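For reference, each letter of the first sequence is one residue, going 326 to 762 in the numbering used here.
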Amino acid sequence: MRMSHYFLPTLKENPKEAEIVSHRLMLRAGMIKQTSAGIYAWLPLGHKVLKKIEQIVREEQDKAGAQELLMPTLQSADLWRESGRYDDYGEEMLRIKDRGDRDLLYGPTNEEMITDIFRSSVRSYKDLPKNLYHIQWKFRDEIRPRFGVMRGREFLMKDAYSFDLTADDARHAYQRMFLAYLRTFRRMGLRAIPMRADTGPIGGKLSHEFIILAETGESEVYAHKDWMEKDTTAGGLSYDDKEKIGEFFEEMTSLYAATDEMHDASACPEGDLIKARGIEVGHIFYFGTKYSEAMNATVQNKEGEIVPVEMGSYGIGVSRLVGGIIEANHDDNGIVWPESVSPFDIGLINLKPRDEACSKACDDLYEKLKEQGKDVLYDDRDTQAGGKFADMDLIGLPWQVVIGPRSAEKGMAELKNRKTGEKQELSLESVVERMAA
RNA sequence: CGGAGCGUGGCGCAGUUUGGUAGCGCACCUGGUUUGGGACCAGGGGGUCGGAGGUUCGAAUCCUCUCGCUCCGACCA
326 MRMSHYFLPT LKENPKEAEI VSHRLMLRAG MIKQTSAGIY AWLPLGHKVL KKIEQIVREE
386 QDKAGAQELL MPTLQSADLW RESGRYDDYG EEMLRIKDRG DRDLLYGPTN EEMITDIFRS
446 SVRSYKDLPK NLYHIQWKFR DEIRPRFGVM RGREFLMKDA YSFDLTADDA RHAYQRMFLA
506 YLRTFRRMGL RAIPMRADTG PIGGKLSHEF IILAETGESE VYAHKDWMEK DTTAGGLSYD
566 DKEKIGEFFE EMTSLYAATD EMHDASACPE GDLIKARGIE VGHIFYFGTK YSEAMNATVQ
626 NKEGEIVPVE MGSYGIGVSR LVGGIIEANH DDNGIVWPES VSPFDIGLIN LKPRDEACSK
686 ACDDLYEKLK EQGKDVLYDD RDTQAGGKFA DMDLIGLPWQ VVIGPRSAEK GMAELKNRKT
746 GEKQELSLES VVERMAA
């Protein structure tokens with residue numbers, strides 16, 4: 326993409342409404358624009374990141390055996406009356422009437438709807454287990470939206486729902502998602518720590534929050550220091566290996582980690598304890614038959630008895646992750662994207678577009694890198710060099726290639742690693758080779 | 001929802017106390033000189049001060065109502 330054609334409204338100054346770093350950087354990098362309190366338009370750069378994160382989540386869900394579908398944002402109030410949550414949910418739920426004066430709501434979550442979908446077609450234990458998910462916009466009319474996309478009213482969320490015959494099977498489904506979550510966050514360059522959590526309004530028996538540590542986190546969290554080193558991805562472990570997954574789950578959950586409200590000061594020696602602030606990026610629940618009983622989602626078991634299915638639900642805050650990743654990956658100059666979620670692979674800076682040789686070298690390199698399948702943001706704008714460097718650092722692409730008249734003459738380019746700041750003079754060919762690797 | 005604050009060209013702000021009909025920096029446009037970390041000179045365009053009502057000869061400045069946004073707190077993917 327040539328930057329001269331790209332819609333990238335970067336800001337030199339800090340917008341006053343943004344207090345925390347990820348919000349500030351997202352606005353300055355031209356990723357989002359607020360349209361109402363807690364509601365954002367995703368501009369091209371931000372949208373690319375959002376989609377990358379979404380895709381990683383999708384791939385890891387699929388690997389873990391979940392199946393994607395898509396449910397609507399608007400739901401009928403009747404479903405929620407059936408579960409009893411229409412009244413329980415309170416002001417946070419955005420309620421709407423259609424022209425026929427029927428009560429609708431903009432979904433804050435989808436337990437009722439998925440349960441309805443499930444019950445309308447599943448009758449036998451032979452159809453179990455199932456795990457269905459979608460990635461859809463949600464709305465919760467927060468009293469106080471803040472921190473940019475980390476606590477918006479409208480947000481993109483992946484929510485999965487598992488259906489099993491027995492509590493034991495449901496626990497296994499829960500453990501599989503537990504592993505899938507750790508792998509998902511790791512792919513985004515995040516170290517997420519699973520913490521025993523309160524179940525809140527979703528209700529249930531077993532629940533973990535996945536927390537990443539960041540100074541600007543919303544809540545206080547406590548974790549054993551070994552979490553900082555721990556391999557949480559269980560490489561090679563298959564999702565079908567019920568026993569090993571159970572062991573892995575035990576291993577992970579035996580190492581202390583808790584949110585503020587669940588913290589037990591006596592459970593971990595003081596010297597081993599890390600106290601920090603955390604951002605919740607995922608939350609999983611096993612809630613048994615809470616909804617299946619209320620909504621009559623039943624199957625027949627082997628004995629011919631009609632029993633309510635055992636359920637769990639599993640959320641990942643996709644849009645929140647954009648902010649969360651920035652909180653965990655930035656410096657004074659801007660964002661520092663992990664490669665897996667970076668909006669482009671490489672930023673190419675043409676320092677002097679009016680210099681023919683320089684532009685020729687840049688254009689050629691741009692084409693070669695594209696041929697390699699690289700997604701390149703090419704700064705071909707006829708502006709001051711300083712502004713280009715600043716913008717490129719701000720938007721945080723992992724690799725920068727800089728070519729000016731002097732280097733072009735020698736057939737060289739400068740390759741800079743955004744994270745380490747390390748710079749290297751390379752021939753144009755070796756830049757292509759290095760980036761292909 | 002309780003507390004605090006803000007709303008003046010695209011962005012950041014001054015002007016409001018002591019009413020006299022709008023200013024600065026950045027951005028933008030034109031010309032020229034520049035060009036490896038946000039340049040310089042000259043010229044130029046753009047706002048009627050969130051909205052409504054009121055007081056006054058006169059309101060960005062005073063009064064009333066209203067809308068929006070932010071921050072702190074209680075609550076949440």
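Don't be surprised by glycine CBs; every beta carbon is placed ideally from N, CA and C. Everything numeric in this text was worked out from a predicted model, so none of it was measured.
Exercise. Ends of the alpha helix (DSSP H) at residue 510?
Worked result: 492–512
For this session: Can you grab the Cα-Cα spacing for the pair residue 609 / residue 634, in whole Å?
Result: Approximately 17 angstroms, taken between the alpha carbons.
For this session: Tell me whether the beta-carbon of residue 482 lies closer than 8 angstroms to the beta-carbon of residue 604.
Result: No. Outside cutoff.
Exercise. Applying the criterion that 16 or more other CB atoms from any shown protein chain within 10 Å of the CB defines a buried residue, is residue 271 buried or exposed?
Worked result: Residue numbering for the chain in the displayed model covers 326 to 762; residue 271 lies beyond these limits and cannot be assessed.
For this session: For residue 360, collect the residues of the same chain with a Cβ closer than 8 angstroms to its Cβ; drop the 5 residues on either side in sequence, then sort them by chain order.
Result: 366
Exercise. Under a Cβ-count criterion, where at least 16 other Cβ atoms within 10 Å of its own Cβ denotes burial, should residue 586 be classed as buried or exposed?
Worked result: Residue 586 comes out exposed.
For this session: Could you check the C-alpha separation between residue 720 and residue 424 for me, to the nearest Å?
Result: 45 angstroms
For this session: Locate the beta strand (DSSP E) running through residue 430, then write down its first and last residues.
Result: 428–431
Problem set entry | residue 318, DSSP secondary structure in three states | This structure leaves residue 318 out entirely; the chain is present only between 326 and 762.
Exercise. What are the boundary residues of the beta strand (DSSP E) that residue 545 is part of?
Worked result: 544–549
Exercise. Is residue 381 helix, strand or coil by DSSP?
Worked result: helix
Exercise. Relative to the alpha-carbon of residue 554, which residue among 733, 338, 597 has its alpha-carbon at the smallest distance?
Worked result: Scanning 733, 338, 597 for the CA closest to the CA of residue 554 turns up 597.
Problem set entry | Check whether residue 567 and residue 497 have beta carbons under 8 angstroms apart | yes
Exercise. Are residue 351 and residue 345 close, meaning C-beta to C-beta below 8 angstroms?
Worked result: no
For this session: Measure the C-alpha to C-alpha separation of residue 404 and residue 347 and round it to an integer number of angstroms.
Result: 37 angstroms
For this session: Look at residue 639 and residue 502 and say whether their C-beta atoms are less than 8 angstroms apart.
Result: yes
Problem set entry | Neighbour-count burial assignment, residue 440, 16 or more Cβ in a 10 Å radius | buried
Exercise. Rounded to the nearest angstrom, how far is the Cβ of residue 430 from that of residue 418, given a contact under 8 angstroms?
Worked result: 5 angstroms
For this session: Report, in whole angstroms, the separation of the C-beta atoms of residue 669 and residue 688, which I expect to be a contact under 8 angstroms.
Result: At roughly 17 angstroms, the Cβ-Cβ gap does not stay under 8 angstroms, so residue 669 and residue 688 are not in contact.
Exercise. Given that a residue counts as buried once 16 or more other Cβ atoms are within 10 Å of its Cβ, and exposed if not, what is residue 650?
Worked result: Residue 650 is buried by the Cβ-count criterion.
For this session: Could you tell me whether the segment 453–469 touches the segment 381–393, using the rule of 3 or more Cβ pairs below 8 angstroms?
Result: yes
For this session: Scan the segment 708–732 and note each continuous beta strand (DSSP E) run of 3 residues or more that stays entirely inside, going in chain order.
Result: 724–728
For this session: Indicate the three-state DSSP secondary structure (helix, strand or coil) for residue 330 in the structure shown.
Result: In this structure, residue 330 counts as helix in the three-state DSSP scheme.
For this session: Check whether the segment 715–732 touches the segment 651–660, counting contact only when three or more Cβ pairs, one atom from each stretch, lie closer than 8 angstroms.
Result: yes
Exercise. Cβ of residue 559 within 8 angstroms of Cβ of residue 582?
Worked result: no
For this session: Kindly indicate which three-state DSSP category residue 661 falls into: helix, strand or coil?
Result: coil
For this session: Answer yes or no: do residue 518 and residue 606 have a C-beta to C-beta separation smaller than 8 angstroms?
Result: no
Exercise. Does the distance from the C-beta atom of residue 506 to that of residue 535 stay below 8 angstroms?
Worked result: In this structure, residue 535 lies closer than 8 angstroms to residue 506 by Cβ.
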